[in-house]
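Following: one structure in structure tokens, then a few remarks.
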Amino acid sequence: MSLAEDVREAVAVIQNHNEVTIISHIDADGITSETILSLALSRAGINTRSIFIRQLDPLTLHAVPDDSQLTIFSDLGSGQQSLIMEKNLFPDDVIIVDHHVSQPADAGYHEVNALTHGYEKLSAAGVAYMVAKELDNANIDLAKLAIIGNVGDMMDREDLCLSGPAREILADGIGYGNIELWERDLNIYGISTRPLPQALAYTDDLLIPGISQDLPGTKRFLQRLGIVPDERKHWPVWQDISFSEKQMIVTAIVEQMVAAGRPVNRLFADHYLFLDEKMSQSPLRNASEYATLLNSCGRWSRPALGDSICRGDRGGAYTEAYKMLKNHRNCIREVLQYIVDTGVSELSHILYLHVGDRFPDTIVGIGAGMALSRLNPQKPILIMCVDQMDPENTKVSMRTKPDVIAQGVNLQEALCESAAKYGGSGGGHRIAAGAFIPKTAEKEFVYEVNETIRRQLA
Ligand code: C5P
Ligand code: C5P
Numbered sequence: 225m226s227l228a229e230d231v232r233e234a235v236a237v238i239q240n241h242n243e244v245t246i247i248s249h250i251d252a253d254g255i256t257s258e259t260i261l262s263l264a265l266s267r268a269g270i271n272t273r274s275i276f277i278r279q280l281d282p283l284t285l286h287a288v289p290d291d292s293q294l295t296i297f298s299d300l301g302s303g304q305q306s307l308i309m310e311k312n313l314f315p316d317d318v319i320i321v322d323h324h325v326s327q328p329a330d331a332g333y334h335e336v337n338a339l340t341h342g343y344e345k346l347s348a349a350g351v352a353y354m355v356a357k358e359l360d361n362a363n364i365d366l367a368k369l370a371i372i373g374n375v376g377d378m379m380d381r382e383d384l385c386l387s388g389p390a391r392e393i394l395a396d397g398i399g400y401g402n403i404e405l406w407e408r409d410l411n412i413y414g415i416s417t418r419p420l421p422q423a424l425a426y427t428d429d430l431l432i433p434g435i436s437q438d439l440p441g442t443k444r445f446l447q448r449l450g451i452v453p454d455e456r457k458h459w460p461v462w463q464d465i466s467f468s469e470k471q472m473i474v475t476a477i478v479e480q481m482v483a484a485g486r487p488v489n490r491l492f493a494d495h496y497l498f499l500d501e502k503m504s505q506s507p508l509r510n511a512s513e514y515a516t517l518l519n520s521c522g523r524w525s526r527p528a529l530g531d532s533i534c535r536g537d538r539g540g541a542y543t544e545a546y547k548m549l550k551n552h553r554n555c556i557r558e559v560l561q562y563i564v565d566t567g568v569s570e571l572s573h574i575l576y577l578h579v580g581d582r583f584p585d586t587i588v589g590i591g592a593g594m595a596l597s598r599l600n601p602q603k604p605i606l607i608m609c610v611d612q613m614d615p616e617n618t619k620v621s622m623r624t625k626p627d628v629i630a631q632g633v634n635l636q637e638a639l640c641e642s643a644a645k646y647g648g649s650g651g652g653h654r655i656a657a658g659a660f661i662p663k664t665a666e667k668e669f670v671y672e673v674n675e676t677i678r679r680q681l682a
């Protein structure tokens, strides 16, 4: 069956029910997936309730109700089908909408999974959107949320643009009129709210001599071009400067990179702007900052707040979410600084570090991803921390880069296999994966993962 056929089958199952429970993941992709499904279903007259969980594992399984007519797992579930079987739900009462590596069980659940059909760059929100559109074409207003989910899960990062089915969803959003595409613009994070010096200096995808990691140097660079803070000492943001100012900055950056012999192939990326959001100083104006705001709710135990934002609450929920965002940004900065300052241990094939209970286990993976380009990006990074739900367990997060994947490394496989050996569980993607393991197994586990990566490269 094709992905479109799986979507149609899932919709036929949904239409047979009038009460649905949605179990979704707490990150930006999980939150947007949940909002898309829950809005589309309620527009079709179906009652929904939503439950967010950090991951489907033995500690969270109890959150899945036994009495639901139909349970839709979104942005999780594909890799945990044998665990779902413990709930004894009828196969026809379970739909999985996901993009993680699938581990099918005998139960025969209705699974709609982008990855299974070879779409590596379509997130769960993209799949949820396909379901919503199949339910009713009028749901194309939800394309915007699907784009946020895809960007939140970094589906655009490797190619610096969305591709495949995600690109078609983008076209829906542009056609509907709430999305604007800024094609091949400067590849920086924070175009709507980050002061230009910070946006240029701290974008870890680019290594610009005299700018990257050098805030005073960046300010001097901008001042030389005549771009200066206003009378209140506020620097402009990328989104607000003129086309000629942008051209001037890009030309100067290209000159500096070429002079230093640096490749310029990651200098340009697509940005997705939302025309129905406030223009000035709003983190909701572009997809990547919007996704960060949702992560700052979900990863800090407030996924329902993120859902309110997705549903359009720009009053009380927005005020609260904005505070969450500030805290989240500070915390990520701290995690990154801690990893860089403490330094990682190096084995033959991986880098690793234990950060103890300093940071929530939902945040550590983000820090790991960001630290990678400051360390040795040729080796995958493995960060451990205390599992907040059970201090006898350890949460593991791994991240690597596309060129390492191209050599045969698969983090999802490495963590799943190694965790299973010690009675833990893992999942995710080739490029980013996570696991929970018993604390007592930490040392052996790290060596086991190192060996697995060595075998994958052999
Ligand atoms: O649940 P899951 O798919 O949502 O988590 C995605 C995580 O994987 C994100 O935190 C993102 O940072 C990471 N990722 C990545 N590089 C990619 C794709 C995903 O680091 N190319
Ligand atoms: O938690 P972290 O951001 O490191 O997760 C990276 C990826 O691994 C995500 O896609 C997440 O859903 C997945 N994961 C998993 N099982 C776990 C932990 C993480 O499938 N036990």
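The sequence shown maps to residues 225 to 682 in this note's numbering.
The beta carbon of each residue, even a glycine, is placed where N, CA and C say it ideally should be.
Spatial distance of residue i from residue j (CA atoms)
i: Gln561; j: Gly591; result: 9 Å
i: Ile415; j: Ile556; result: 18 Å
i: Gln304; j: Leu283; result: 13 Å
i: Ser199; j: Ile250; result: Lying outside 225 to 682, the shown extent of the chain, residue 199 is not represented and no answer is given.
i: Thr427; j: Leu491; result: 11 Å
i: Asp585; j: Ser621; result: 9 Å
i: Met225; j: Ser326; result: 15 Å
i: Thr295; j: Asn617; result: 28 Å
i: Pro615; j: Gly441; result: 44 Å
i: Ile605; j: Gln636; result: 13 Å
i: Gln602; j: Leu307; result: 34 Å
i: Gly332; j: Ile563; result: 43 Å
i: Leu424; j: Ile435; result: 7 Å
i: Thr245; j: Gly652; result: 23 Å
i: Arg623; j: Glu455; result: 42 Å
i: Glu666; j: Gly647; result: 12 Å
i: Thr566; j: Tyr671; result: 20 Å
i: Asn363; j: Gly342; result: 25 Å
i: Ile372; j: Ala390; result: 11 Å
i: Val588; j: Val559; result: 7 Å
i: Leu599; j: Pro289; result: 44 Å
i: Asp611; j: Ser466; result: 47 Å
C-beta contact flag for residue i and residue j at 8 Å
i: Leu366; j: Ala356; result: yes
i: Val231; j: Met354; result: yes
i: Ser649; j: Ala659; result: yes
i: Asn411; j: Asp429; result: yes
i: Asp377; j: Asp253; result: yes
i: Ala493; j: Asp409; result: yes
i: Ser257; j: Ala395; result: no
i: Asn242; j: Ile275; result: no
i: Ile607; j: Ile629; result: no
i: Ile398; j: Lys368; result: no
i: Trp459; j: Pro419; result: yes
i: Ile677; j: His573; result: yes
i: Ile319; j: Val375; result: no
i: Arg509; j: Leu497; result: yes
i: Met548; j: Leu529; result: yes
Residue i - partner residues in DSSP beta bridges
i: Ser248; result: Phe276, Ser298
i: Asn363; result: Beta-bridge pairing links Asn363 to no other residue.
i: Lys619; result: Cys609, Phe660
i: Ile319; result: Ile296, His334
i: Trp524; result: According to DSSP, which records beta bridges pairwise, Trp524 is partnered with nothing at all.
i: Ala592; result: Beta-bridge pairing links Ala592 to no other residue.
i: Ser649; result: Phe660
i: Asn240; result: Paired residue(s): none; Asn240 is not in a bridge.
i: Ala493; result: Asp409
i: Tyr353; result: Answer by DSSP bridge pairing: none, since Tyr353 is not bridged.
i: Ser569; result: Tyr576
Spatially closest choice to residue i from the options, by CA coordinates
i: Tyr576; options: Leu339, Asn674, Ala644, Ala268; result: Asn674
i: Thr259; options: Arg408, Lys457, Cys534; result: Cys534
i: Asn489; options: Val237, Ile563, Glu382; result: Glu382
i: Ser298; options: Ala234, Ala595, Ala545; result: Ala234
i: Gly301; options: Asp317, Asp322, Asn312; result: Asp322
i: Leu446; options: Ser466, Ala476, Ala643; result: Ala476
i: Thr272; options: Gln293, Glu358, Val610; result: Gln293
i: Cys521; options: Lys502, Met594, Tyr542; result: Tyr542
i: Asn551; options: Pro615, Glu335, Glu392, Arg523; result: Arg523
i: Cys640; options: Lys625, Trp462, Lys619; result: Lys619
i: Asn634; options: Gly539, Ile587, Gln680; result: Gln680
i: Ala511; options: Val288, Asn337, Cys385; result: Cys385
i: Ala264; options: Met309, Glu672, Leu359; result: Leu359
i: Val568; options: Met548, Tyr671, Lys457, Leu596; result: Leu596
i: Glu469; options: Lys457, Ala484, Ile451; result: Ile451
i: Ala329; options: Glu479, Asp290, Ala287, Met309; result: Met309
i: Val461; options: Gly485, Pro487, Glu479, Met503; result: Met503
Beta carbon nearer than 6 Å to a non-hydrogen atom of ligand 2: Gln279, Asp281, Gly303, His324, Gly589, Ser621, Ser649, Gly650, Gly651, Gly652, His653, Ala656, Ala657, Gly658, Ala659, Phe660
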